[in-house]
Amino acid sequence: MSGFIDLSQNYSFYAAPLAWFLAFVPGIYSKSLGGKNYDIANPRQYTENVQKDQKLDKATKSRILRCEAAASNGQETLGLFIASIIAANYAGVPVETINKLAGVYLGTRVLYNITYIFLQENTSFAPLRSLVWNVGLVSWITLFIKAGNRL
-6 MSGFIDLSQN YSFYAAPLAW FLAFVPGIYS KSLGGKNYDI ANPRQYTENV QKDQKLDKAT
54 KSRILRCEAA ASNGQETLGL FIASIIAANY AGVPVETINK LAGVYLGTRV LYNITYIFLQ
114 ENTSFAPLRS LVWNVGLVSW ITLFIKAGNR L
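Structure follows, in C-alpha cells:
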C-alpha cells in the first residue's frame, strides 16, 4: 500500500480515458474563450476564425491558440501512451510500476496544460513546459523498455 491508493491494484487501464480527458479539456476551455468562432459544421476552421476576430484581444487569441496546441499535443502522445500501457500489461511488468509510470504521465499532462495555457505569456516558462513534456515522454518510453526487457 502506497499512501491512500493501493498501487498493487491495476489502475493502468483507467489511465487511458483520463489521458484522453486531459487532452480534451484544453480544447473545451478554448471553445469557451472563443465563443461564436467555433462552428460545429466546420471545426477545423476555428483557429483561423479566432485569428480573424477583431473583437478578441491579442492575449485571449494567444491563450486560445495555446489551448488548441495543448489539446493537439495531448492527442499526439495519447496513442503511444496507451500502447505503452498495453505492452507493459502484456509483458507482465509489475502492476505497481505500471501504475506509477502511468501516474507520472497523467501528472505531467496536467502540469503541461497549466504551464502551456496559463504561464506561457511569460516566455521564461517555456523551458519548464518542455521539461514537463519530456518527463511525460520518458514515462511511457520507460514502460515500453520495461515491457521489452520482460519479453
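In the working numbering, the protein residues as written are -6 to 144. We treat Cβ as the ideally placed atom computed from N, Cα and C, and that holds for glycine.
Outcome for residue i when other beta-carbon atoms lying within 10 angstroms are tallied against a minimum of 16
i, result
"Gly27", "buried"
"Leu94", "buried"
"Met(-6)", "In this prediction, Met(-6) scores a pLDDT of 46, lower than 50, which makes its location untrustworthy; the coordinate-derived value is nonetheless stated afterwards. Met(-6) comes out exposed."
"Phe74", "buried"
"Tyr83", "exposed"
"Ser132", "buried"
"Ala140", "buried"
"Asn66", "buried"
CB of residue i within 8 Å of CB of residue j, strictly
i, j, result
"Asn106", "Ala52", "no"
"Val128", "Val97", "yes"
"Ala16", "Ile78", "no"
"Asp46", "Gln38", "no"
"Arg156", "Val86", "Residue 156 lies beyond the range of the chain shown here (-6 to 144); nothing can be said about it."
"Glu61", "Thr40", "yes"
"Trp13", "Leu49", "no"
"Ile91", "Ala81", "yes"
Other residues of its chain near residue i: CB distance less than 8 Å, five sequence neighbours each side excluded
i, result
"Val88", "Leu0, Ser1, Gln2, Asn3, Ser5"
"Leu11", "Leu99"
"Ile138", "none"
"Ile110", "Pro19, Tyr22, Arg56, Arg59, Cys60, Ala63"
"Thr101", "Val125, Trp126, Val128, Gly129, Ser132"
"Ala119", "Gln113"
"Arg116", "The question names Arg, yet the displayed sequence has Thr at residue 116. No residues qualify anywhere along the chain."
Beta-carbon contacts of residue i that lie in its chain and below 6 Å, excluding the five residues immediately before and after
i, result
"Ile57", "Ser23, Leu26, Gly27, Val43"
"Leu130", "none"
"Leu104", "Val125"
"Ala34", "none"
Beta-carbon contacts of residue i that lie in its chain and below 7 Å, excluding the five residues immediately before and after
i, result
"Asn30", "Tyr39, Asn42, Val43, Asp46"
"Lys54", "Val43, Gln44"
"Tyr135", "The residue you asked about is not Tyr; residue 135 is Thr in the sequence shown. Here the set comprises Leu94."
Subject >> Ordered list of alpha helix (DSSP H) runs contained in the segment 56 to 142, each at least 4 residues >> reply: 88 to 112
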